[in-house]
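With the numbering used here, letter number 30 in the sequence shown gets 586, and the count goes up by one each step, no holes.
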Amino acid sequence: MVGKRHASGEIAAKLAQANELAAKGKTQREISKALGVSIMTYHRWKKMLSEDPESVKDTGRVSPELQPQPSGATGSVEMIKRLELENSRLRRLVTDMLLDKLKLEDELRARQEARFRQPDKGK
557 MVGKRHASGE IAAKLAQANE LAAKGKTQRE ISKALGVSIM TYHRWKKMLS
607 EDPESVKDTG RVSPELQPQP SGATGSVEMI KRLELENSRL RRLVTDMLLD
657 KLKLEDELRA RQEARFRQPD KGK
């Protein structure tokens, strides 16, 4: 079943209607039924709105290209610092994972060698 795509203006209007219904004490099931969408669509729209109300597209997805871009040199410097911090965190995560992997491989190799070294007592 192919779903209907809603325009960003239509989504905003339906979310405003949903807020009014929620203020009246309606359940999420009743709200989504009144909006004519599934509960999951309603939740996805609410999540998109809470992340960034300006980034709602007709497809209903948040696009990285639509995220607000910092203006001026200060914004660029802040973005570069944020990216460098994220890169360093990711490098540490990858390094930790590789060290864990090497440790597990060494343990496995040691177990296999110990198993092959033990003489059969039953023969």
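Ideal Cβ positions, reconstructed from N, Cα and C, are used throughout, including at glycine. On a predicted model such as this, the values are computed, not experimentally measured, just so you know.
Alpha helix (DSSP H) containing S594: first to last residue? Segment: none, S594 is in no alpha helix (DSSP H) and carries neither H nor E.
Name the two residues that bound the continuous alpha helix (DSSP H) containing G565. 564-579
Per DSSP, what kind of secondary structure is T583 in: helix, strand or coil? coil
In this structure, how does DSSP classify R561 when only helix, strand and coil are distinguished? coil
H599: buried (16+ other C-beta within 10 angstroms of its C-beta) or exposed? exposed
Round the Cβ separation of A578 and I587 to the nearest angstrom and send it over; I've been treating them as touching at under 8 Å. 6 Å
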